[in-house]
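First residue of the sequence shown? That's 0 in numbering that gives the first Met the number 0, and the numbers climb one at a time after it.
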Amino acid sequence: MENENNKTNIGRREVIKGLGLGATGTFLGAANPAVAGVYEAATKALPPLTITNVKAISTCPHGIELIVVKVETSEPGLYGLGCATFRQRARPVISAVNDYLNDFCKGKSVDNIEDMWQTAYVSSYWRNGPVLNNALSGLDQALWDIKGKRANMPVYQLLGGKCRFAIPCYSHASGNSPEAVADDAKRIMDEGYKYVRIQMGGYGAAGVASVPDFKAKGFGMPDDNYMDPYFYMKSVPEIFAKTREVCGERVELLHDIHERLQPNDAINMIRKLEEYRPFFIEDPFSPENIGYFRQLRQQSSVPLAMGELYNNPHEWVGPMSERLFDFIRIHISQIGGITPAMKVARLGEAFNVKTAWHGPGDVSPVGHAANAHIDFAVWNFGIQESVNFSDTLREIFPGSPFMKDGYMYVNEAPGLGVDINEKLAAKYPIPEKQLNGWTQLRMHDGTPVRP
């Protein structure tokens, strides 16, 4: 037996030596050209590539400004796409990409994504806010797209491979009464969804309550929205009760406060929802009121989701490590792309915080694909917001993710799997002025409400 072990060990040493990894320290195959040839053939790939151009592509086919970054390389025809959509400030993002990132990136390697992210992040010296983070996200996602194409693999394979066959999603039920909300939730369940977010009216039940005093007095602007906190707090338990009555216990129900209540009002309302077993309640507090999470945790066991407005790690590392909420609800382009989002997901795994990436209609199909590729790969995935693209968007963005029976799928192509028809995108230019006014919400006397 001892002789056999000696022979095995000698054989292993000879293999290592033959691979050029022995005491000589020479590179692979230097001592064995035959092995080097086999290795080279098995790992044949494109030579090192550099970035030749970075540009922003904008389009607005349905009144929602979408921004995509295209990174072109020294290999003709090989490029990557990434989402940089920040519709509230679309033009500054375009400028950040075209006027700054392009010059910063030209001539650099497409391979070193982490290095590119870190150096671009600090290139403005002051740490980034939403405009620069979205520009950086477009670059970052495009580099991952290129890496997947070079490897001939979907990006999720580069992130560790699939943990699930598809991405479970929730859809949105709404209406102007509890009965209408419940009926809409039942319709969504009939489409195959197991998770449904229920809202009455706009966020905070805006648009459902009576005419406010500030409008009668001519205060504010004519299109400003109105919120009645008492009406809203009373309505939410009612829509949960009616939806449970109509849809039963098997469906998972979600709701988004959208930071529109004072902290103690939010705590009291959430306590009343416990009997309806919410899957989660989203954004109970604004980022300015993050300290109230400790008080809420002491008073309620309802699962919580938070993070849509977060910009940098200083906002999420502490609360996640303290387990103050159960789902991290970050908008991936808002924090800078796939690279930081994977770090957030890994942090969440350590503290049993699940992912629930923000995925509304003002995210491009490229951005939704980025969400999905991360969703496939991370073990602590929680839920994903669904999206259904119009035929026009699918024509502009061939290869977009798609929904079936409450699950999101990607097309399994190398990279993120989504392309862009630039000529068609150009037929839908973004407007000269920003037309989105849903953030303009006021109380009875006209006091602004933070979203």
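Heads up, the beta-carbon is just placed ideally off N, CA and C, and yes, glycines get one too.
Asked: Asn224 burial status per 10 Å Cβ neighbour count (16 or more: buried); Found: buried
Asked: Residue interval of the alpha helix (DSSP H) (run including Phe230); Found: Pro228 to Cys246
Asked: Nearest residue (CA-CA) to Met341, options Leu157, Pro129 and Arg149; Found: Leu157
Asked: Where Asp212 falls, given that 16 or more other Cβ within 10 Å makes a residue buried; Found: exposed
Asked: C-beta contact flag for Pro397 and Asn420 at 8 Å; Found: yes
Asked: Nearest residue (CA-CA) to Met226, options Gly79, Ala204 and Gly247; Found: Ala204
Asked: Start and end residues, alpha helix (DSSP H) containing Lys146; Found: Pro129 to Ala150
Asked: Coil, strand or helix - Val362 by DSSP; Found: coil
Asked: Test item: CB-CB of Met459 and Pro413 under 8 Å; Found: Only positions 0 to 450 of the chain appear in the structure, and residue 459 is not among them; the question remains open.
Asked: Rounded Cβ spacing between Glu384 and Cys168 (contact assumed at less than 8 Å); Found: 7 Å
Asked: Enclosing beta strand (DSSP E) for Arg259 [first to last residue]; Found: Counting along the chain, Arg259 falls outside any beta strand (DSSP E), and DSSP gives it neither H nor E.
Asked: Between the CA atoms of Asp361 and Glu258 - distance to the nearest angstrom; Found: 19 Å
Asked: First and last residue of the uninterrupted alpha helix (DSSP H) at Tyr120; Found: Ile112 to Val121
Asked: Where the alpha helix (DSSP H) containing Cys104 begins and where it ends; Found: Asn101 to Cys104
Asked: Presumed contact (8 Å Cβ cut-off) between Arg196 and Asp255, rounded CB distance; Found: 7 Å
Asked: Collapsed DSSP secondary structure at Thr446 in the structure displayed; Found: coil
Asked: Option nearest Asp98 by Cα separation, candidates Trp125, Gly358, Ala134 and Pro177; Found: Ala134
Asked: Through-space distance from His61 to Leu423, alpha-carbon basis; Found: 13 Å
Asked: Buried versus exposed, by CB contacts within 10 Å (16 or more), Ser353; Found: It should be noted that the sequence gives Lys, not Ser, for residue 353. By the neighbour-count rule (16 or more Cβ atoms within 10 Å), Lys353 is buried.
Asked: Cutoff 7 Å; reference Gly24; Cβ partners in own chain excluding five residues on either side; Found: Any reading at Gly24 is ruled out, since the residue's pLDDT is 36, under 50, leaving its predicted position unreliable.
Asked: Per-residue burial, Ser122 [other beta carbons within 10 Å of its own, 16 or more giving buried]; Found: exposed
Asked: CA-to-CA distance, Ala376 to Gly160, given in whole angstroms; Found: 5 Å
Asked: Boundaries (first-last residue) of the alpha helix (DSSP H) holding Glu348; Found: Ile337 to Ala349
Asked: Pairwise C-alpha distance: Lys185 and Tyr192; Found: 10 Å
Asked: Exposed unless 16 or more other CB atoms sit within 10 angstroms - verdict on Trp378; Found: exposed
Asked: Buried or exposed (CB count within 10 angstroms, at least 16 for buried), Arg393; Found: exposed
Asked: Chain-order list of residues whose beta-carbon lies under 6 Å from that of Ile145 (same chain, five-residue window excluded); Found: Gly79 and Val109
Asked: Expected contact under 8 Å - CB spacing of Gln298 and Arg270 to nearest Å; Found: 6 Å
Asked: Candidates Arg328, Met268, Pro312 and Trp315: closest to Val301 by CA position; Found: Met268
Asked: Beta-carbon spacing of Met232, Leu260 below 8 Å; Found: yes
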